[in-house]
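So the sequence shown is residues 13 to 277, counted in the numbering used here. Okay, so here's the structure we're looking at.
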Amino acid sequence: MTFITDQTGNSLQLDSIPQRIISLVPSQTELLYSLGLNDEVVGITRFCIHPQIWHQGKTRIGGTKDPDILKIISLKPDLVIANKEENIREHVEEISKYVPVYISDVYNLPTAIEMIGALGEITGRPEAALEMTRLITERFSQLIPVNYMPATAYLIWKDPWMAAGGDTFISDMMERCGFMNIYKATSRYPEITIQELKEKQCRLLLLSSEPYPFRQKHLEALQAELPETRILLVDGSYFSWYGSRLLEAPAYFSLYSRQNVYPVL
Numbered sequence: 013m014t015f016i017t018d019q020t021g022n023s024l025q026l027d028s029i030p031q032r033i034i035s036l037v038p039s040q041t042e043l044l045y046s047l048g049l050n051d052e053v054v055g056i057t058r059f060c061i062h063p064q065i066w067h068q069g070k071t072r073i074g075g076t077k078d079p080d081i082l083k084i085i086s087l088k089p090d091l092v093i094a095n096k097e098e099n100i101r102e103h104v105e106e107i108s109k110y111v112p113v114y115i116s117d118v119y120n121l122p123t124a125i126e127m128i129g130a131l132g133e134i135t136g137r138p139e140a141a142l143e144m145t146r147l148i149t150e151r152f153s154q155l156i157p158v159n160y161m162p163a164t165a166y167l168i169w170k171d172p173w174m175a176a177g178g179d180t181f182i183s184d185m186m187e188r189c190g191f192m193n194i195y196k197a198t199s200r201y202p203e204i205t206i207q208e209l210k211e212k213q214c215r216l217l218l219l220s221s222e223p224y225p226f227r228q229k230h231l232e233a234l235q236a237e238l239p240e241t242r243i244l245l246v247d248g249s250y251f252s253w254y255g256s257r258l259l260e261a262p263a264y265f266s267l268y269s270r271q272n273v274y275p276v277l
């Protein structure tokens, strides 16, 4: 019997290494796959699109915000993996009445590293998790630092416009990529206006592919309103997924270094 404290301070009891796992978090689903837990994972959300073979073949238990709790219970899991931000507290509390729930709370690279290590230990894959965190740490350390960080905003939503605030994982990735988040002093995901972007002298505007699927038409419309701002479409998974996708994030970020995306400031 093992007692574990998750990243939110909750204690859970595991009688043995879990053999039937359900993930309620897309980035952590991908992590479980990378840790080699194909047989152990019995359920995922409809938003768990990576890996594709799991998205197509694993049992879906609803979404991150609307899980089918009865279906989850029917799968007889011995561990459910959730996240403080991505899942709704009341749902997690209800599920925890029937099965141990590990809740992650990831808001920067160190807490992501901690979570990966913890899930490796819990699922019986400590060596794989240790090697993964070693590689992630090494690759992020090789990102070339910049002397000047352009004033940047990262949009996650439209109608209303919403940006990533300073206490988010996205903001931490932005800074590691070489961008200064102009909403760093704001918490979570504030609603903003185009006028604010002008007043804050936003030099670089990143339009994420998720959760709102920004496209070229949105870029063009914003560019007409912000002619002095460089606007880019970016793959949101590299800025917001905090599992094994972090292995690939530094290489992606290197393509978006200041020298490449904004040569003249």
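Yeah, the Cβ is synthetic: ideal placement off N, Cα and C, and Gly gets one too. Being a predicted model, the structure only gives us computed values, none of them experimental.
Apart from sequence neighbours up to five positions away, the residues of its chain that approach Ile-182 with a beta-carbon distance below 7 Å are Tyr-166, Ala-176, Phe-251 and Ser-252, ordered along the chain. When the alpha-carbon of Glu-102 is set against those of Leu-245, Lys-77, Thr-20 and Gln-228, the nearest one is in Lys-77. Listed in chain order, the non-local C-beta contacts of Val-104 below 7 Å within the same chain comprise Ala-94, Val-113 and Ile-115, local neighbours out to five positions each way being set aside. The alpha carbon of Ala-261 has as its nearest neighbour, out of Ser-108, Glu-126, Glu-187 and Phe-15, the alpha carbon of Glu-187. When C-alpha distances from Pro-63 are compared across Phe-191, Pro-38 and Thr-20, the shortest belongs to Pro-38. A direct Cα-Cα distance of roughly 7 Å separates Ile-73 from Arg-58. Annotated three-state conformation of Val-104 is helix, per DSSP. Counting every other CB atom within 10 Å of its CB across the protein chains shown gives Lys-70 a total of 16 or more, marking it as buried. The C-alpha of Leu-82 lies about 37 Å from the C-alpha of Glu-143. The closest CA to that of Asp-171, considering only Leu-47, Leu-36 and Ile-204, is found on Ile-204.
Beta-bridge partners assigned by DSSP to Thr-71: Gly-55. Within the stretch 107-182, the alpha helix (DSSP H) runs of at least 4 residues that lie entirely inside it are, in chain order, 121-134 and 138-153. In the same chain as Ile-100, and ignoring 5 residues on each side of it, the C-beta atoms closer than 7 Å to its own belong to Lys-77, in chain order. When C-beta atoms of the stretch 189-197 are compared with those of the stretch 125-138, fewer than three pairs fall below 8 Å, so the two segments do not count as touching.
In the three-state DSSP reduction, Arg-242 falls in the strand class (E or B).
When C-beta atoms of the stretch 217-231 are compared with those of the stretch 239-258, three or more pairs fall below 8 Å, so the two segments count as touching.
Collapsing the DSSP output to three states places Ser-199 in coil. Going by beta carbons, Thr-145 and Ile-168 fall outside the 7 Å limit. Under the three-pair Cβ rule at 8 Å, the stretch 216-226 does not count as touching the stretch 149-156.
Within 10 angstroms of the beta-carbon of Ile-65 lie fewer than 16 other beta-carbons, which makes it exposed. Measuring C-alpha to C-alpha distances from Pro-30 to each of Glu-42, Gly-21 and Ile-16 identifies Ile-16 as the nearest.
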